[in-house]
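Asks: This is the structure I want to talk about, given as structure tokens.
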Amino acid sequence: MYQAIPSLVTIQRELGGTFVCGRGSTTRYFKKEYPELDFARFNKRLKRFSAGHKAMWGADCIVTGSPYKSLLSPYTAKKMMVFHGTYAGLTANVLEQLKHFDHLFLIGNRMEKILLKYKQQLDFNYTKTGFLPFANFPDKNEENRRLILEFLGLDVSLKTVVYCPTRRGHGSWEICAEALINSLSAKYNLILRPHPSQSMNLRWHEKSSIKNLQTIAKKRGNTLIDMAEVHFPDLLMIADLLISDANSPAEESLFYDTPQILTGLGKSSSYEEIRNIWLAYNADEEDIEDCLEIFSCGLVFADEKGLDWGEAVDKALLEEGEYAENRRDYFEFVFGERDKGAAHRVAKIIQSEYLYKD
222 MYQAIPSLVT IQRELGGTFV CGRGSTTRYF KKEYPELDFA RFNKRLKRFS AGHKAMWGAD
282 CIVTGSPYKS LLSPYTAKKM MVFHGTYAGL TANVLEQLKH FDHLFLIGNR MEKILLKYKQ
342 QLDFNYTKTG FLPFANFPDK NEENRRLILE FLGLDVSLKT VVYCPTRRGH GSWEICAEAL
402 INSLSAKYNL ILRPHPSQSM NLRWHEKSSI KNLQTIAKKR GNTLIDMAEV HFPDLLMIAD
462 LLISDANSPA EESLFYDTPQ ILTGLGKSSS YEEIRNIWLA YNADEEDIED CLEIFSCGLV
522 FADEKGLDWG EAVDKALLEE GEYAENRRDY FEFVFGERDK GAAHRVAKII QSEYLYKD
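In my numbering, each residue carries its 1-based index in the sequence shown increased by 221.
Encoded structure:
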């Protein structure tokens, strides 16, 4: 998937090798953004003859960000699992799907805590190495902020609000996108970024909706609808406030200790709805509560009765200090160290334990 590219590219830059993909949208993005890296297309219909199959057939090690058990089973290479999202919903069923991997590279304490609960039934070889995409996160400073805002055509004198909902059918995009553009004060830049699974594969009826939003965004001014064209870490770096559906972007933005608003809206975005979803997947009660701690990191819009988005944003920024300790504690629990060295640690283990053994 598109979302896995940043994690896998950090490993490829450390170890070399070939990026293999069979999805058209991901292939196009990879070739556009990383033309200098080796690539091979995998074709399910012409499997044996595809360059991707040949690359994996001859590989000593395969690093991937999804289970792909049946797809990977013919290959004798050692198989490594890295995680491109923050995997808040790691359950026994999800772990069961990872048994074919020779090594799991965990993000941090939360993942390890879940894994250790099932160690007797599922004896994984794993290392806690950190969050790979942080390698691509730019330093947060005034010069970088100015350069990115100028490149995006936004006002460098204004604070910037970034909105990142979850995927179509589950998140708050249909409820919040237009309302944000219409009610947010002109004293803010506004960037709206629909989930990549939506923006990179628009359905026919969504195209007219996006066009309408772009029209009203132009009228508002200092407003950008990003269809996965801007590097995501750049958006997080310039965000003075992140609005989300309590998803992976919310957790990742804590690398910069960014103030939060959780929408609490949409099919799968409220505290209770998320809790019910994980209960349906038989997630452990304690693990669910751990994941829901993200709601302690900022204002929840659905609970702010009578406030429009403009008022909610003003309030969230005014009160962000009240949530600062929760943000820092939650970041440490999910990710551990606030550094960019995960790829180097992963590569070192792969090199020493899997690539150069007799």
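Even glycine gets a Cβ: it sits at the ideal position worked out from N, Cα and C.
CB-CB under 7 angstroms to Phe240, same chain, minus the five flanking residues each way: which ones, in chain order?
Replies: Along the sequence shown, read from residue 1 onward, the residue named residue 240 stands at position 19. Closer than 7 angstroms at Cβ, skipping near neighbours: Leu229, Gln233, Phe251, Leu258, Asp259, Phe260.
Asks: The beta strand (DSSP E) with Ile482 in it runs from where to where?
Replies: Indexing the sequence shown from 1 puts residue 482 at position 261. Ile482 -> beta strand (DSSP E) spans 481-483.
Asks: By Cβ distance, which residues of its chain are closer than 8 angstroms to Leu379, with the 5 residues on each side in sequence left out?
Replies: Taking the sequence shown and counting its residues from 1, one reaches residue 379 at position 158. The answer, listed in chain order, is Lys408, Tyr409, Asn410, Asn443.
Asks: Going by C-alpha distance, which of Asp376, Val303, Ser404, Thr387 is nearest Ala460?
Replies: If you number the sequence shown from 1, residue 460 lands on position 239. Ranking the options by Cα distance to Ala460, first place goes to Asp376.
Asks: What is the DSSP secondary structure of Val303, counted as helix, strand or coil?
Replies: What you label residue 303 is simply residue 82 of the sequence shown in a count that begins at 1. It is coil, neither helix nor strand.
Asks: In terms of alpha-carbon separation, which member of Gly562, Tyr575, Ser573 lies closest to Thr350?
Replies: Start at 1 with the first residue of the sequence shown, and residue 350 comes out as number 129. Closest option to Thr350, Cα to Cα, is Gly562.
Asks: Answer yes if the segment 313-328 comes into contact with the segment 262-269, meaning at least three C-beta pairs across the two stretches below 8 angstroms, and no otherwise.
Replies: Not touching, per the Cβ criterion.
Asks: Measure the C-alpha to C-alpha separation of Glu596 and Leu336 and round it to an integer number of angstroms.
Replies: Absent from the model: residue 596. The displayed extent of the chain is 222 to 579, so no value can be given.
Asks: So, for Ala568: in the same chain, excluding its five sequence neighbours on each side, which residues have a beta-carbon less than 8 angstroms away from its beta-carbon?
Replies: As a first step, residue 568 is located in the sequence shown; it is residue number 347 there, counting from the start. Here the set comprises Ile232, Glu235, Leu236.
Asks: Quick one: give me the first and last residue of the beta strand (DSSP E) that His324 is part of.
Replies: If you number the sequence shown from 1, residue 324 lands on position 103. Taken as a continuous stretch (DSSP letters only), the beta strand (DSSP E) holding His324 covers 324-327.
Asks: What first and last residue would you give for the beta strand (DSSP E) that runs through Leu520?
Replies: The sequence position of residue 520 within the sequence shown is 299, counting from 1. It spans 519-521 - the beta strand (DSSP E) in which Leu520 sits, taken as one unbroken run.
Asks: Compute the distance between the beta-carbons of Leu319 and Tyr339, then report whether it is under 8 angstroms.
Replies: If you number the sequence shown from 1, residue 319 lands on position 98. If you number the sequence shown from 1, residue 339 lands on position 118. Not closer than 8 angstroms, so no.
Asks: Output the boundary residues of the alpha helix (DSSP H) element that contains Tyr492.
Replies: Position 271 of the sequence shown holds residue 492. Taken as a continuous stretch (DSSP letters only), the alpha helix (DSSP H) holding Tyr492 covers 492-501.
Asks: Count the other C-beta atoms from every protein chain shown that fall within 10 angstroms of the C-beta of Trp499, then say buried if there are 16 or more, exposed otherwise.
Replies: Translated into the one-based positions of the sequence shown, residue 499 becomes position 278. Buried.
Asks: State the DSSP-derived secondary structure class of Ser588, mapped to helix, strand or coil.
Replies: Nothing about residue 588 can be read from this structure; the chain reaches only from 222 to 579.
Asks: Using 8 angstroms for Cβ pairs, my map puts Val382 next to Leu353. What's the rounded Cβ distance?
Replies: Sequence index remark: in the sequence shown, residue 382 carries index 161 (1-based). Sequence index remark: in the sequence shown, residue 353 carries index 132 (1-based). Not quite, the Cβ-Cβ distance comes to about 27 angstroms (not below 8 angstroms), so this is no contact.
Asks: Exposed or buried, what is Thr297 when buried is set at 16 or more other beta-carbons lying within 10 Å of its beta-carbon?
Replies: Mapped onto the sequence shown, residue 297 falls at position 76. Under this definition Thr297 is an exposed residue.
Asks: Can you check which of these residues, Cys385, Arg548, Asp281, Lys300, is closest to Val451 by C-alpha distance?
Replies: Indexing the sequence shown from 1 puts residue 451 at position 230. Selected option, being the one with the closest Cα: Cys385.
Asks: Ala276 lies in the alpha helix (DSSP H); which residues open and close that run?
Replies: Walking along the sequence shown from the start, residue 276 turns up at place 55. Where Ala276 is concerned, the enclosing alpha helix (DSSP H) stretches over 272-278.
Asks: Please report the residue range of the beta strand (DSSP E) in which Ala261 lies.
Replies: As a first step, residue 261 is located in the sequence shown; it is residue number 40 there, counting from the start. Here the beta strand (DSSP E) through Ala261 covers 260-262.
Asks: How far does the beta strand (DSSP E) with Ser465 in it reach, from first residue to last?
Replies: Along the sequence shown, one-based indexing puts residue 465 at 244. Taken as a continuous stretch (DSSP letters only), the beta strand (DSSP E) holding Ser465 covers 462-465.
Asks: Closer than 8 angstroms is the cut-off here; do at least three beta carbon pairs connect the segment 429-442 with the segment 511-525?
Replies: The segment 429-442 is not in contact with the segment 511-525.
Asks: Measuring alpha carbon to alpha carbon, tell me which residue in Thr484, Cys512, Phe304 is nearest Asn497.
Replies: Taking the first residue of the sequence shown as 1, we reach residue 497 at position 276. Answer by Cα proximity: Cys512.
Asks: For the beta strand (DSSP E) containing Thr381, name the first residue and the last one.
Replies: Indexing the sequence shown from 1 puts residue 381 at position 160. That run of the beta strand (DSSP E) goes 380-385.
Asks: Cβ atoms of Gly392 and Ser246: under 8 angstroms apart, would you say?
Replies: Stepping through the sequence shown from its first residue, residue 246 is reached at position 25. Stepping through the sequence shown from its first residue, residue 392 is reached at position 171. Going by C-beta atoms, Ser246 is not nearer than 8 angstroms to Gly392.
Asks: Would you mind giving the Cβ-Cβ distance between Leu445 and Leu373, rounded to the nearest angstrom? I have them listed as a contact below 8 angstroms.
Replies: The residue you call residue 445 lines up with position 224 of the sequence shown. The residue you call residue 373 lines up with position 152 of the sequence shown. Going by Cβ atoms, the distance from Leu445 to Leu373 rounds to 6 angstroms, so yes, they are a contact pair.
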